[in-house]
Amino acid sequence: MEGGVFIGLGSNLGEKEENLLYAIREIQRDDRVEMVRISSLYLTSPVSDIEQEDFLNCVISIEFDGSPFDLLRVLKGIESSMGRKGFVRWGPRVIDIDILLFKESIIRHEELFVPHARLHERRFAIIPCLEIDKDLVHPVFKRPLSSFLGEIESTQRVELIKSIDPGLVKRSPCAF
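Under numbering that gives the first Met the number 0, the sequence shown has 33 at position 34, and the numbering climbs by one with no breaks.
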């Protein structure tokens, strides 16, 4: 699978779109990353009962020359640099970056679950993944990712907003 690493990004505080674009640019700054595809932006309802704004979400597909744990350190560093320190579980955030899939890897570790533990329950992650690769298979369940959509509560709103211009996320020095 080309671009076998899928990363989900979400933001519901501040300039949501700019937060996502900045995070994508920062991911690309790592020499071990090769960008493959970027999904469209989706406006999504939060999955918790905590009162908060809707999220803006997208998924990127990359090649990564390192381990899943190396990538996790990169992503956590970006979250931290963007102001995400402690947070309320499922609460509002400037940025949330998750490894959804890392090729065919299955990892169950206190620091990292791959595939993401709730990927198969989240329309806001599945739909952008399928936009990138409609034939994705969940490595644990051995089922097409698309097969989970009919099993997820339809109250999870996922509204296509717009495509991302690849020129907006070219490698470039940036500061948050």
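All C-beta atoms, glycine included, are put in the ideal place defined by N, C-alpha and C. Quantities reported herein were computed from a predicted structural model and do not represent experimental measurements.
Coil, strand or helix - residue i by DSSP
i      : result
Ile94  : coil
Arg156 : coil
Glu14  : coil
Leu42  : strand
His119 : helix
Lys191 : The question about residue 191 has no answer, for the chain in this structure spans 0 to 175.
Glu150 : helix
Leu19  : helix
Asp50  : For clarity, residue 50 is Glu in the given sequence; the question names Asp instead. Coil.
Leu129 : helix
Cut-off 7 Å between Cβ atoms - residues of its own chain near residue i, not counting five sequence neighbours on either side
i      : result
Phe112 : Ile106
Glu16  : Leu40 and Leu55
Val35  : Glu1, Gly2, Ser60, Ile61 and Glu62
Pro172 : With a pLDDT of 47 at Pro172, under the threshold of 50, the modelled position of that residue is not reliable, and the figure given next carries that caveat. Excluding positions up to five away in sequence, the list is empty.
Leu167 : Leu20
Boundaries of the beta strand (DSSP E) in which residue i is found, first to last residue
i      : result
Glu62  : Phe54 to Phe63
Val139 : Counting along the chain, Val139 falls outside any beta strand (DSSP E), and DSSP gives it neither H nor E.
Val168 : Run containing Val168: none; DSSP gives neither H nor E here.
Cross-strand partners of residue i (DSSP beta bridge)
i      : result
Phe5   : Ser60 and Leu100
Arg36  : Ser60
Ile106 : Val113
Cβ shell of residue i (< 6 Å), same chain only, five flanking positions each side left out
i     : result
Gly7  : Val58, Asp97, Leu99 and Ala124
Glu25 : Ile77
Ile37 : Ile59 and Ile163
Top-ranked residue by Cα proximity to residue i, from the options
i      : options                          : result
Glu33  : Val139, Ser104, His119 and Gly65 : Gly65
Ser153 : Ala116, Gly9 and Glu120          : Glu120
Gly9   : Arg31, Pro45 and Leu70           : Pro45
Gln51  : Asn11, Ser146 and Glu130         : Asn11
Leu118 : Asp132, Val139 and Ile49         : Val139
Asp176 : Val73, Asn18 and Asp53           : Residue numbering for the chain in the displayed model covers 0 to 175; residue 176 lies beyond these limits and cannot be assessed.
Contact set for residue i: own chain, Cβ-Cβ below 8 Å, skip 5 residues either direction
i      : result
Tyr41  : Leu55, Asn56, Cys57, Phe123, Ile126, Pro127, Val157, Glu158, Leu159 and Ile160
Glu110 : Phe68 and Leu71
Asp134 : Pro143
Val13  : Reading off the sequence shown, one finds Gly at residue 13, where the question assumed Val. Excluding residues within five positions, the ones whose Cβ falls inside 8 Å are Val93.
Element boundaries [alpha helix (DSSP H), containing residue i]
i     : result
Ser79 : Pro67 to Ser80
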